[in-house]
Amino acid sequence: MPEATGAAVRAATATGTATHCPYCALQCAMTLTPEAAAESGPARLSVTPREFPTNRGGLCQKGWTSAQLLDSPERLTTPLVRDTKGAPLREASWDEALDLVAGRFRVLREERGADSVAVFGSGGLTNEKAYALGKFARVALGTSQIDYNGRFCMSSAAAAGNKAFGLDRGLPFPVTDLDDSEAVVLVGANPAETMPPLMGHFDPARLIVVDPRRTATAQAALDGGGLHLQPAPGTDLALALGLLHVALVEGHLDTLHRVAYRAERTVGWEDVRQCAARWWPERTERLTGVAAADLRRAAAALARARRAHILTGRGAEQHSKGVDTVSAWIDLALALGLPGTPGSGYGCLTGQGNGQGGREHGQKADQLPGYRHIEDPAAREHIAGIWGVAPESLPAAGRSAWELLDALGTPEGPAALLVMGSNPAVSAPRVRRAVERLRALDLLVVADFLRSETAELADVVLPVTMWAEESGTMTNLEGRVLRRRAAQAPPPGVRTDLEVLHGLAVRLGRSAHEFPADPAPVFDELRRASAGGTADYAGAAPELLDAGEAVYWPVRDTTGGSVREATGGPERDATGGGAEALGSPRLFLDRFAHPDGRARFLPVEHREAAELPDAEHPLYATTGRQLQHYQSGAQTRRVPELLAAAPGPYVEVHPDTARRAGLADGDTARIVSRRGAVLARTRCVPSLRPDTVFLPFHFPGGGAANALTNPALDPVSRMPEFKLSAVRLERADGGGVMSPEEAV
Amino acid sequence: MNRALNVVVVGNGMVGARLYEETLRRDPTSRRVRMTVLGAEPVGGYNRVLLPGLLSGSLTEADLTPEPPGEGSPATGTTVTGIDRDARTVSTADGRQLPYDRLVLATGASTVIPPLPGLREDTDEGSGVLARGVTALRTLADARRLRRLADRARAVGARIAVLGGGVLGLEAARALVARGVAVTVVHPAPHVMDRQLDAPAGRVLGRALRRTGIEQRLGVMAVRWEPARGLHLDDGSVLPAAGLLLCTGARAETGLAQDCGLETGPAGIAVDDTLTTSDPDIHALGDCADAEPGLVQPGWEQAAVLADRLTGEDPYARYLGSPRVTRLKAAGIELACLGDPFVADDGFAGHAPAGGGSGGQGPAAGDFPDDGGPEVLRLEDPTRERYAKLVLHGDRVTGAILLGVPDAAAGLVQLYDKGAPAPSDRLALMLGRALPPETASETGESLPDHAMVCRCNSVTKGALRSAWYDGARSARELADATRATTGCGGCRGAVEKIAAWLAETDPLSSRDTPATTAPR
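These protein sequence lines are chains X and V, in that order. One gets our numbering by counting positions in the first sequence from 1 and adding 58 to each. One gets our numbering by counting positions in the second sequence from 1 and adding 916 to each.
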C-alpha cells in the first residue's frame, strides 16, 4: 500500500475507533467517533463507514444507526430481580442478583442434578464469550444442556458442509472472489435486505436467484439481466437435482476439468448421478413450478461460466430436510468442479454477527472448542487438559435448541435457564409454546442490554455491555477473525458478559483464573484450546489482529512467536484475502478436509415438508427478514429511524388471494396455522405466488410470525422448519382485537 | 402382526420398481411387507421416460437403471407364466412356483403393431418378430435396436420414418434429430398430437417441429413397409427411409390377468379406487390397469397409494385419479396440455354461445363468465411459434394448451395440479413473461415521491428532493445528506439521474442559490 494512502487513512481514523458493525455476519467495518458533546449529557458516538474488503465503505441503514441505542433511555443499567412469579421486576445490586442466581443454580444442581440448569447462547456473542459460555456450562455448571440460537441459523449448512468437505466454514474463500465470478447462484438468500453491502460484489447480470418470492435480490437480478427461479416453497432440493440432470444430459459435465476433478477429488459421483437422472426437467418443472426452459437456461449459464459460485442461505436451510437440500446444491457444485477450484466455490451466507465463530467454540450441544465433537475421546482429553479438569467430568452431548426449549420446566427437562445474547421469546419456532416453557421455569436468567421479550419473562435480568463498549474478536462470514474494539466506557452499573460469567463461576466454587473477566486471556486460552482442531485459531495472535492483518482460520501456530511484524493501525484491514493474508483465505485448493482429501458426493432424494397445505390451511407461509431489522428486532425496533421505515408486522399476499379472503391492501389480516394465529397488515404483492404468503419474523406478541412456524426438525442438524408451514388467511374481524392467547 | 405380508409384484418397469421403493421407504426393515419383484427384462426398473435421452446419446443405460435402494434387489430376467388364484401362487418360466399373500400386476403395456404388410418377418412360426429396419420403442432392447438403426441411417445419409405423431413419436423424433438423424413423422390426422391439440395449436407445433428439423407427412396413412425402399403411403408416394419406428399406441398387457380369469376392460385390468382387481388378493396398477394409463405420473401416484395400503401406513388410501397433464419432452419445444382444452365451438370465444358444455340455459348478455359456459382465452402467434389457450369454468382452469410460453405453462400446471383458483389476471396467467412488464423503471418526473430509490437506507425520491431543496446540489451531496448510495451502491445511477433532473427542473439551481426558504 502506498505510504501516503496509509497515512491518510491513519489520520482519518486517529480520532475514532476502528471496529465493526454489531449486526450481521458481513461485519461491515466502521469507525466510531465521539461527537462534540451536547449542552449536557455524554458524548454520542457517530458512525462512519470504513473501507474494508467486505463492505468497501458501505453501510446499510442498520449500521448507520447502530450507535443510537448506546444511550437509549431503554438501556438496562442495574440488575433486576423478580421476587416471586407474577411480581414485577425490581432493581437489585449486582451482588444480590449474582448471589441469588448462583445460589439457586447450586441448589438445583444438588437436588435435581447438573442437567437441571441449562444455558442458551448466541451467534451474536464474541468468540471469547462463546468460548467462556461453553466452558461455564461444562465446568462451572457441569451441565450437558447448552445450545444456542445458531441452531436456528446455520446448522443445516454446517452439517452438509461437514459431510461433503470434512469442514464447515461459511465461505471457504474471501468475499472479494465473488467480484470476478461469472455466475453466482443464490439459493434462498436475500442479501439485498439481509447484508446489503454484499450486493456490491455481484454483477446482477450474472446472478441466478432461487427464491419462492421476488425478493429485492431477485428483482435486482431481473433488472440487471440475471435470472430468477421461483420454485414452490420446499422444493429447492428437487430443483438442484433437476439442474444437475440438465447439466448431465446436455453434456456440461464432460469437460476435461470436470471429469478429472470428479475422478481425482471426489467420491460418490455415480450414486448422485443416478439420483439426478430421475429428475428430468419436465418432472422437476411439475414439482417446483420452474419451467424446464428456465432450468436449461440456468444450467447453461452456470456451466459455461469459467468461475462460478453456489451460495445457500436460510431459505434452503431452514427446513426439516435442510441438510439434504444443501447437500443437493453441493452435489451440483461438485459435479461442476467448483469447490476447491480457484475463483469458484460453494458457500453458505452466515447470518448472525458471529454466526461463524459462534459455531466453533463450544456453545453447541455436541461440541467442544476448535469445532471438536464432544463425544470424541481425543477431543475430550485435549479440552479437559486445557481446562484442568478430568475428561470424564465433561458432560455428553445435550439437547438441541428447540428440544431444549421444548423441555424447559417439564419433569424431565431443565428447571433453570441462563440466556445470553438471545431472544427466543420471539425467535424460536412455535414461539407461543417456547414462551409457555420459559414461563414454566423455576428460574430464568437473562443477560441483555435491553428489556427484550425474553428479559420481560425473566426472574433475574443482568444488564450487560453493548458492542461499542467492549473488546474481543468476531469471525465474519468468510472465516476472517476481526477485532472488535471498545469506543467508550459502558454506562455505570453495566458489566460485560465475561464479568457476569466470572461472577457466577466464582460463586459456584470455581477459581477466579478459570473464568477471566478480561477478554485477552480468554482469547489466549481459546487459541490454545482450538489448536489442532478443525477451527484452529492458534496462530491468530492478538498483535496480528490489532494490526488489521487478514487472518482466516484455520491458522496454525507455526512460530513459537515469529509472527510477522505488526505494521500498526487498522489501515491494513483494507487488504483482503490477497497474497498477504494469513492462515487459510481459500480452503480446499489442494485437498478437502476428509482423511483421504476427497470431497463426498451425497445421494439425496426430495421429500415433502413436515406439513403441507390442506383444505383447512390451504396456503404456504414462509418467513424472512426486512432490511431495517435484525433477528428478533429487540434492538432495531428501538431505533426510531428504523422503526419508522419498518413499523410493524405485515403479511405479503398475492392480490387475488387477498381478495378471496376479503382483504384489501392495508387491512389487518389474521393468519392461522395449526400452532397459532398472527395479526398482520395486508400487503398485496402481485409477484408473489398465489399459494404463498410471507411474514417477517422481527416482531413480538400478536404479530410474531413464529407463532405460526413448525418445529419439525431436520434429523441431522435439528433445524426447525421455519420456512414452511401451512396456514389460512382471514379477515381480522372485531376490529383486530386479539384473543388473550394471541396477545402474548 | 406376527408375520410380514408376502407380496409378489409381476413387472419391474417404472411402476413396479417404484412400488418397491415406496414400500421400502415406508417399511425400511421389511417388517410389515416382504416384497418380491419379478421382471421379464434382464435389467430392472429402467426409466422409460428417459429413453429418448438414451437415443440422443445424452444418457447412458446406467442412468436409466438405477440401483434400487436398500437390500435385496428385485429379481430380473424372470418371466411369469401363470397365476393360480386358488393356490395363491405364480409360476415362472424357469419352473418355480412362488406363493403370495398379495399379488400385484404391474405388467405395463406393449406397442400396438398395426396390421401393415412388411412390418413382421415372415417366418415359419408365423409373424412375431419385427422385420429388418422396423422397431418399436418400449423396452431397453427396443432402444438399443433403434439406436443401431439410427446410426446406420446417419452413416449413409438416410432417413428414419416415425409412424405416429403422438407424444412418444414426437419425443423420439426430437431425440433422433438431436443424434443427427434425418426424420419424417407420418401421421394420419391433419395435425400432430391431435388427441391433445386443437387444429391451430397443431399447426403452430408443426411449424416449431419443422424448425428443429422434423419433417412431417400429415393426413396420410401408411400402407406397406419395404425394407429396401421405405414406407409406402396411401397417396401413392413412397417415403424413402432406412428405418421405421412404430409409435402407434400401446395396449395394456393383460394376458396373465385374463388367463386366470380376472375382469378386464378395453383399457386394461379392471381395478377399483383401491387398485384392487376382481380378486381381492390381487392388485394392478400402471399401464396394465384401466385407471388412467399412458403416463408415468399416474402410475407413480398409484404406487404410493398401494404402498400405503400394503404397509398399513394408510389403510384407507384411495387413488382418485391424477390431474391430466401432458408435457412434451422435446428440447427447444415447450408444450404443455392439461385437462380438456376443446370447447364446443372452437371458434371465437367472445361470441361463443354459452352453455356449450353444460347447463343448457340461454346466454345472458353481459354476464359471460357466470353463465355456466366456459371462459376461453386464446392467442395464436405462429411467427414466434407461440400458441396459448385457456379454458376456465368459473375460477377453475379446466383445460389449456400452452406452447412456447414456458414459465406460464409451469405456473399453470402447478395451479391445475392443486385445483387452485385462477388469478384474475388471466392474460398474465396464460402468457407469463411474454407479457411486457407493467412499468418501466423511471427516475425522473414520473417517479412518485414515495418510490424507494435507495433500499439500503430507506431513501425515497421525496427524501432526495427535500435534501436538494435543503441545499444538497449534487449526487455526492445528496448521498451525504440522505445516505443514499452508501449501502450496496446499486442506486448510484438512479441518484445521479434524479440529481440531473432536479438540476434541470429546479428554478433556484440555475441561480446557484441555496434554497434556504425551501418548504420543509
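Ideal Cβ placement from N, Cα and C applies to all residues, glycine included.
- A distance below 6 Å between beta-carbons, with the five flanking residues on each side excluded, links ALA125/X to the following residues of its chain, in chain order: LEU103 and VAL105.
- Per DSSP, ASN768/X is one residue of the beta strand (DSSP E) stretching across 768 to 771.
- Contact annotation: in the region 677 to 695 of chain X, residues whose CB is within less than 8 Å of a CB in chain V are LEU685 and GLN686.
- For ASN922/V, the closest Cβ of chain X is not nearer than 8 Å.
- CA-to-CA, the gap between THR531/X and SER213/X works out to about 21 Å.
- Beta-bridge pairing by DSSP links TRP152/X to no other residue.
- Only residues of its own chain outside the window of five on either side were considered, and among them MET1109, GLN1112, THR1242 and LEU1244 have a CB closer than 8 Å to the CB of VAL1083/V, listed in chain order.
- Every alpha helix (DSSP H) stretch that sits fully inside the region 93 to 141 of chain X and reaches 4 residues is listed by chain position as 119 to 122.
- In the three-state scheme derived from DSSP, where H, G and I count as helix and E and B as strand, MET1137/V is classed as coil.
- ASP205/X carries a strand assignment under DSSP once its states are collapsed to helix, strand and coil.
- Assigned with DSSP and collapsed to three states, GLN693/X falls in coil, not helix or strand.
- According to DSSP, residue pairing for LEU921/V in a beta bridge involves VAL949/V.
- Secondary structure of CYS1370/V (DSSP, three-state): strand.
- Classified as exposed, GLN1174/V has fewer than 16 neighbouring CB atoms from the shown chains inside 10 Å of its CB.
- Counting other Cβ atoms within 10 Å of its Cβ, GLY1096/V stays below 16 and is therefore classed as exposed.
- ALA1325/V and PRO1239/V have their C-alpha atoms spaced approximately 15 Å apart.
- Look at the beta carbons and you see the region 192 to 212 of chain X touching the region 477 to 496 of chain X: at least three pairs across the two are nearer than 8 Å.
- Chain-order list of chain X residues neighbouring LYS1413/V: empty, with the shortest C-beta distance near 14 Å, by a criterion of under 7 Å.
- Out of PRO255/X, MET253/X, ALA279/X and LEU640/X, the CA that lies nearest to the CA of LEU265/X is found in ALA279/X.
- Excluding the 5 residues flanking it on each side, SER1390/V has same chain C-beta neighbours closer than 7 Å at ALA1415, in chain order.
- Within the region 932 to 963 of chain V, contact with chain X at the beta-carbon level (separation under 8 Å) is assigned to ASN963.
- Looking at the backbone, the Cα of PRO1031/V and that of GLY1085/V are separated by about 18 Å.
- By the rule that beta-carbons nearer than 8 Å mark a contact, ASN928/V does not touch chain X.
- Excluding the 5 residues flanking it on each side, VAL381/X has same chain C-beta neighbours closer than 6 Å at SER214, ALA217, ALA218, ASP772, VAL774 and SER775, in chain order.
- The Cβ atoms of ALA250/X and THR234/X do not sit closer than 8 Å to each other.
- Using a Cβ-Cβ cut-off of 8 Å, ALA1336/V counts as an interface residue toward chain X, since at least one Cβ of chain X sits closer than that to its own.
- By the beta-carbon neighbour count (other beta carbons within 10 angstroms, threshold 16), PRO1352/V is exposed.
- Approximately 15 Å separates the beta-carbon atoms of HIS560/X and PHE581/X; this is outside 8 Å, ruling out the contact.
- Distance check between TYR429/X and each of VAL730/X, GLU328/X and GLY224/X places GLY224/X closest, using alpha-carbon atoms only.
- Using a C-beta cut-off of 8 Å, the region 1211 to 1230 of chain V makes no contact with the region 1308 to 1322 of chain V, since fewer than three inter-stretch Cβ pairs fall below that distance.
- If you compare the alpha carbons of ALA83/X, ALA222/X and ALA145/X with that of HIS652/X, the shortest gap goes to ALA222/X.
- At the C-beta level, THR91/X and ALA76/X stay beyond 8 Å of one another.
- The C-beta of VAL1307/V comes no closer than 8 Å to any C-beta of chain X.
- In the DSSP annotation of this structure, HIS78/X is not part of any alpha helix (DSSP H); the continuous beta strand (DSSP E) holding it starts and ends at 75 to 78.
- In this structure, VAL519/X places its C-beta atom within 8 Å of the C-beta atom of PRO137/X.
- Residues of chain V whose Cβ lies closer than 9 Å to the Cβ of CYS406/X do not exist; the shortest such Cβ separation is about 20 Å.
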